[in-house]
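Asker: Here it is: the structure, laid out below.
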């Protein structure tokens with residue numbers, strides 16, 4: 055009986071926007087303990103029909119691009135427009151050394167103190183698949199709690215960008231002026247994934263450089279094949295410290311939102327995303343069962359060596375492993 | 055006994071460069087009959103230590119870019135340099151309507167008549183995974199038969215580019231001058247996958263346009279994050295009918311080859327590719343077992359509908375399906 059009361063408490067709390075219960079529910083989602091996972095799943099099941107009514111924005115950029123200060127500035131504007139904002143992060147690498155992003159809320163001083171904003175750092179451990187699943191479920195909880203603007207932040211250096219693109223409606227790439235060393239950290243393919251770009255730190259002596267970079271990137275984006283959304287990606291400049299250009303970034307994203315609602319791409323993409331996560335999860339679970347199998351692990355090591363010596367084809371090796379799996 | 059003789063005949067034939075036996079071995083690879091697949095697998099097993107000693111070039115571009123005439127012109131140059139050239143194609147979409155690419159050998163008149171060249175159209179049926187596997191095994195057969203320059207052609211409109219990138223050492227993107235409607239057909243992300251680009255049909259009144267396009271693309275490539283190879287992608291112009299610029303394309307690819315041999319990226323990439331195909335094949339096989347399961351298929355249809363109505367989370371749906379799979 056106690057357990058059921060707990061679930062109902064969570065559900066009612068989330069649906070009434072109780073931040074303390076929202077936080078605790080997310081903690082259950084992030085937990086590795088099976089009984090927590092089970093409880094979280096039951097909560098998600100109950101609230102999922104109340105989710106989905108938000109705009110989901112993915113933001114990426116290399117460390118140093120000024121994501122936190124951008125989100126502080128952009129987020130305050132979102133709130134002034136009447137939205138309730140949740141800021142989440144996805145960063146599977148955070149477990150390694152650097153600590154989770156968004157951990158340092160001091161760079162989001164105003165936002166983290168505002169009652170209409172909810173900031174949650176990245177779950178700090180697990181595979182990309184696991185972290186992405188947790189973020190997806192955290193989005194559901196936030197939406198059910200009435201947050202209608204969701205920002206998912208990631209670091210533009212790894213695999214998590216594809217996950218964020220599959221979690222959000224618009225993918226914003228933040229870039230530094232000057233197309234040199236700043237790009238070293240960013241992963242190939244990310245530019246072409248972006249629905250829009252903003253050159254940050256366009257202030258002081260950096261303004262001209264930012265404008266030039268904007269022109270260059272706009273030309274480059276123009277050379278890209280058109281996106282399925284039918285929306286032509288734009289490049290803007292902005293300054294978080296001066297609060298300049300932030301409104302324009304909002305307008306660009308809003309124009310995309312209205313455009314994709316009107317041509318129904320918005321709903322089509324969300325439907326595709328759900329399908330993607332279904333099949334991605336199946337895939338992850340199948341692989342986990344396979345690679346956790348002790349005999350598979352042993353044989354795999356041996357076959358990888360043969361493969362590396364060009365003594366076996368990848369297909370033969372795979373076939374042999376599959377035979378052991380039943 | 056007959057079967058073993060056959061296998062030895064195939065093996066000896068391939069290793070001595072007997073084209074007729076090479077062709078028949080590839081037919082076994084492409085066959086859907088289990089006894090052919092089994093025979094093919096045994097042949098591959100025997101010859102695999104003799105494979106790998108080639109340069110593998112992937113070529114893509116939208117229909118109309120002039121791939122066949124480029125390969126005719128480029129291929130003849132390869133042969134003049136003393137290489138033995140095999141031209142393969144990967145095109146899983148060919149089953150649908152258009153017929154397999156490279157089917158029309160008339161556009162490769164000189165090449166298809168040359169004894170140092172071997173041209174093989176795309177296997178005409180199957181999933182991308184299946185077609186890619188067959189192409190990988192065909193490469194092994196060709197290399198064991200002494201072909202030391204392999205071209206794998208694909209059409210730049212689908213998923214097969216990623217497969218080709220995982221099969222080859224250098225990925226060449228052919229583009230038309232003018233960055234307008236020509237790009238409609240090409241898939242996003244392909245430009246950033248390219249190790250080099252060539253603007254085709256740079257002849258007659260098109261020369262200036264091609265030069266301008268080259269400049270634009272070179273600027274765009276410059277904005278991309280650097281490739282792992284450490285090689286800076288170049289953009290060239292060429293004309294297959296005038297045989298102009300073809301030597302430059304060869305030199306670019308050769309420079310890449312020497313560069314990546316010297317920094318050991320060449321071998322590192324091939325090793326990564328083998329690992330990729332091992333895990334990709336495992337993944338494909340696991341999925342096939344799962345999705346071929348009759349009860350899974352039935353439940354999946356039902357769950358996809360619930361998913362689409364926002365009544366269940368993708369993770370819950372996946373978990374339910376996995377429970378049925380044992």
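Protein chains in written order, with the working numbering: chain A, 55 to 380; chain B, 55 to 380.
Backbone N, C-alpha and C define an ideal beta-carbon position, used for all residues, glycine too.
(1) Given that residue 273 (chain A) touches chain B, what residues does it touch there, using C-beta distances under 8 angstroms?
(2) Consult DSSP for residue 225 (chain B) and reduce its assignment to one of helix, strand or coil.
(3) Which residues in chain B sit within 7 angstroms of residue 371 (chain A), going by Cβ to Cβ distance?
(4) How would you list, in chain order, the residues of chain A whose beta-carbon sits under 8 angstroms from the beta-carbon of residue 410 (chain B)?
(5) What is the residue span of the beta strand (DSSP E) that residue 140 (chain B) lies within?
(6) So for residue 118 (chain A), helix, strand or coil by DSSP?
(7) To which residues does DSSP link residue 291 (chain A) through a beta bridge?
(8) Taking Cβ positions only, does residue 262 (chain A) come closer than 8 angstroms to chain B?
(9) With distances taken between CB atoms, is the gap from residue 310 (chain A) to residue 249 (chain A) smaller than 8 angstroms?
(10) Between B:217, B:113, B:313, B:137, which has its C-alpha nearest residue 206 (chain B)'s C-alpha?
(11) List the residues of chain B that residue 187 (chain A) touches, going by C-beta distances under 7 angstroms, in chain order.
(12) I'd like to check one pair, residue 270 (chain B) with residue 273 (chain A): are the Cβ atoms closer than 8 angstroms?
(13) Quick one: what's got a C-beta closer than 7 angstroms to residue 361 (chain A)'s C-beta in the same chain, skipping five residues either side?
(14) Can you have a look at residue 348 (chain B) and say buried or exposed, based on whether 16 or more other CB atoms are within 10 angstroms of its CB?
(15) Does the beta-carbon distance from residue 224 (chain A) to residue 69 (chain A) come in below 8 angstroms?
(16) Measuring only between beta-carbons, confirm whether residue 362 (chain A) sits less than 8 angstroms from chain B.
(17) Any idea what DSSP makes of residue 111 (chain B), helix, strand or coil?
(18) Going by beta-carbon coordinates alone, are residue 277 (chain B) and residue 287 (chain B) separated by less than 8 angstroms?
(19) At the level of alpha carbons, what is the spacing between residue 65 (chain B) and residue 79 (chain B)?
(20) Taking only runs that begin and end inside the region 167-212 of chain A, name each unbroken beta strand (DSSP E) of 3 or more residues, in chain order.
(21) Determine, for residue 153 (chain B), whether the minimum Cβ-Cβ distance to residues of chain A falls below 8 angstroms.
(22) Measuring alpha carbon to alpha carbon, tell me which residue in A:138, A:134, A:191, A:115 is nearest residue 331 (chain A).
(23) Below 8 angstroms between beta carbons: does that hold for residue 243 (chain A) and residue 284 (chain B)?
(24) What does residue 298 (chain A) pair with, by DSSP beta-bridge criteria?
(25) Alpha carbon to alpha carbon, how far is residue 344 (chain A) from residue 281 (chain A)? Give it in angstroms, no decimals.
(26) Report the start-end ranges of each beta strand (DSSP E) in the region 294-348 of chain A that is 3 residues or longer and not cut off at the edges.
(27) Do residue 252 (chain A) and residue 303 (chain A) have their CB atoms nearer than 8 angstroms?
(28) State buried or exposed for residue 167 (chain B), treating a residue as buried only when at least 16 other CB atoms are found within 10 Å of its CB.
Answerer: With the given structure in hand:
(1) 270, 273, 274
(2) strand
(3) 332
(4) Shown here, chain B extends from 55 to 380; a query on residue 410 (chain B) therefore has no answer.
(5) 139-143
(6) coil
(7) A:253
(8) no
(9) yes
(10) B:113
(11) 369
(12) yes
(13) 368, 371
(14) exposed
(15) no
(16) yes
(17) strand
(18) no
(19) 9 angstroms
(20) 171-173, 203-207
(21) Low confidence applies to residue 153 (chain B): its pLDDT is 42, below 50, so where it sits in the model is not reliable, and the reading given next is rough at best. Chain A, which has no Cβ nearer than 8 angstroms to the Cβ of residue 153 (chain B), makes this no.
(22) A:191
(23) no
(24) A:293
(25) 36 angstroms
(26) none
(27) yes
(28) exposed
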